[in-house]
Structure formats: C-alpha cells, structure tokens
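Numbering (UniProt numbering), first residue to last: 1 to 295. Think of the CB as a built atom: it goes at the ideal place given N, C-alpha and C, for glycine as much as any other residue. Given the structure is predicted, the values throughout are model-derived calculations rather than measurements.
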Amino acid sequence: MIKKISQRHKIVYYLLLPSIITLILFTLFPFFYNLWASVQNYDLIYPNQKHFIGLSNFIKALTNQEFWNSLKTTFYFSGLGIILQLLIGLGVGLLFGREFKGKNILRTLLILPMVAMPVATAYIWRIMFSPSLGIINYVFQKIGLQGSEWIAGYNSVIPSLVIVDTWQWSPFMILIISSGLMSLPKEPYEAAKIEGATGFQTLKNITLPLLKPIISIAFVFRLIDSFRTFDIIYSLTGGGPGHASETLNINIYLNAFRNLDIGYSGSLVIIFLFLINIVTLFVIRRTGFEESILK
1 MIKKISQRHK IVYYLLLPSI ITLILFTLFP FFYNLWASVQ NYDLIYPNQK HFIGLSNFIK
61 ALTNQEFWNS LKTTFYFSGL GIILQLLIGL GVGLLFGREF KGKNILRTLL ILPMVAMPVA
121 TAYIWRIMFS PSLGIINYVF QKIGLQGSEW IAGYNSVIPS LVIVDTWQWS PFMILIISSG
181 LMSLPKEPYE AAKIEGATGF QTLKNITLPL LKPIISIAFV FRLIDSFRTF DIIYSLTGGG
241 PGHASETLNI NIYLNAFRNL DIGYSGSLVI IFLFLINIVT LFVIRRTGFE ESILK
C-alpha cells in the first residue's frame, strides 16, 4: 500500500516537472537576472565594463524627471481607460442582462476587438486618426465639427490611446458584468417588484450591491493588464509626440533597447513591479476583492 502511494507521488512529481522547469526558465530566471542587472553598471555599448554599483540605478531613476513623467502618463492612461471601460461595461452589461433577439450573435461580435492582433489594430487606428486622411476627422468635418490632431497632438494623444484601449477591452468588462447579472438571485427582484420599487431604485439598492464582487474582480484584472499595455502604444505613437505618451513600459523599452542601458532599465522594471503590487493591494483592499474571491 505504501509503495503504491509512493509511486503515485512520483508520478505527480513527474507530471509537475515540465511546469516547474517552465516556471524557472521563463519567470524566476528572468526576474533574478533582472534583479542582478539592476545593481550593475550594465551598458551594452561597453559590455565588458559592467560592475556592481549598488542602488545607484534606483537613485538615478527616482531623481530623474523623465521617470516621474512616464509614471504620471501611465496612471493617466490606465485610470482614464479603466473608468470609461467600467462605465461602458456596466451600461451595456445591464442591457445584455435582458433578453432580446440576436443577443448571442451580438455577444459573439463583441469579442472580436479582444482577439484582434494589437499591432494590426494599432495601424488601422493610426490611419483612422490621421488628421488629413483619417475617416474620423472626415466625419467631423461633414457634420460641422472641427477635427483633432489625435495621436499627433501633445494634449490629445493620451485620450486617443484611451479610445483605442477602450474599444479593445470594453468587451471584457461587458462580458464579465453581463455574466454576473445572469448569476444574480431572482428573489430580491421579485420582492422589489412587489413593493413597487422603480428601475433606478432596483439598480441602486439591489443590482449594484450584488454586482460589487463581480465589478471588483473585473476592475483588478483590467488594472493589472492596463499597467502592462505596451504594443498598442508603441505601434501607434512610439511614446510621442515628444514624450507625451511615454508610459513607464515605453520608457523601460527605450532605455533597454535604444539607449542599451540594461542596468538602469532593470531598476525601472523592479520599481514598476513594486508600484504595481502596491497599487493592486490598495485596490484589492478598497474594493473587497479578497472577499469576492472567498465567496
């Protein structure tokens, strides 16, 4: 009997081994290598001159105005995008909570932006955003409105990127919220109907409180994913015009692969990882995400 149990344990370990090796190669090794690089004077222009410099790269980052500007841009892009996506997801999700003809077809079509290739999506939107040739400014002019510079404008570039991000990821919010609505108990709604509650009262006092765990989960997932956004921004603007759309991800990429300063970019990665964890923990505490998972 003991031999059989031992044999089963061995089989389990063998089955887990590929996953453990993959985890080490693609997660743990890059992390510790990056941690090592962050405390080195590691410049690919002079690769043989790398040496230990302690926390100098971190001090350089925290005293660099470019870092703080890119961090502010990151929070601006993520915050504005998530708020819009949450509002759209809630509004359309409530609509999908009702039965209507063609609902399943429309839900399937909503998934398409999520599965589109980010780079291809970016180039299509770049054409649409063109101040002189883009269809968006053309439509604006036809209805008597003034066109915008969109991604070419210093003040309009982040809102333009948020439009693209919202187009691509609002379906995620819609699907989660509409699925959450389908799982809500019917009894509170029946009681509200008997008591003569209005639609707004039902939404405020029943639907939104019951949906809070679902909204919290969707919010946290989108927050983490939004901080990691790189491909859409880089393909559309490359961080420009100037540094107007240079998020921290773009800043890290430019320092690593344009300036070839691996040590400094490694320190930016560690700082960014730390900030993401802090912000995520704060949001989890504020939204009750832990309680949502436990339920």
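Classified as exposed, G196 has fewer than 16 neighbouring CB atoms from the shown chains inside 10 Å of its CB. Burial check for L268: the Cβ neighbour count within 10 Å reaches 16 or more, so the residue is buried. F219 is the residue among S179, F219 and S19 whose C-alpha sits nearest the C-alpha of G81. If you draw a straight line from the Cα of L109 to the Cα of G93, it comes to about 14 Å. Between G147 and P159, the C-beta gap is not smaller than 8 Å, which leaves the two residues out of contact. The beta-carbon distance between N34 and G266, rounded to whole angstroms, is 5 Å. This is short enough to meet the 8 Å contact definition. The three-state reading of DSSP puts Q146 in coil, since its state is none of H, G, I, E or B. F274 sits in a helix when the DSSP states are folded into three classes.
Counting every other CB atom within 10 Å of its CB across the protein chains shown gives W68 a total below 16, marking it as exposed. Of the candidates T280, R126 and I232, the residue whose Cα lies closest to the Cα of M114 is I232. Scanning the segment 41-102 from its first residue to its last, the whole alpha helix (DSSP H) runs of 4-plus residues come out as 56-62 and 65-96. As DSSP reads the structure, D261 sits in a beta bridge with D43. Inter-residue distance for R286 and R222 is about 16 Å (C-alpha atoms, whole angstroms). Under a 10 Å Cβ-count criterion, Q85 is classified as buried, with 16 or more other Cβ atoms of the shown protein chains found around its own Cβ. DSSP places Y154 outside both helix and strand once states are collapsed to three, so it counts as coil. Shortest Cα-Cα distance from Y189 to any of S178, N205 and L175 involves N205. In this structure, I262 places its C-beta atom within 8 Å of the C-beta atom of L44. Taking the Cα of A256 as reference, the smallest distance to any Cα among I21, Y42 and V12 is reached at Y42. Under the DSSP assignment, G239 falls outside any alpha helix (DSSP H); it carries neither an H nor an E label. Rounded to the nearest whole angstrom, the CA to CA distance from E246 to T121 is 19 Å. By the neighbour-count criterion, in which 16 or more other beta carbons inside 10 Å mark a residue as buried, F272 falls on the buried side. When C-alpha distances from G242 are compared across F282, L184, L281 and S156, the shortest belongs to S156.
With a threshold of 16 other beta carbon atoms within 10 Å, M173 meets it and is buried.
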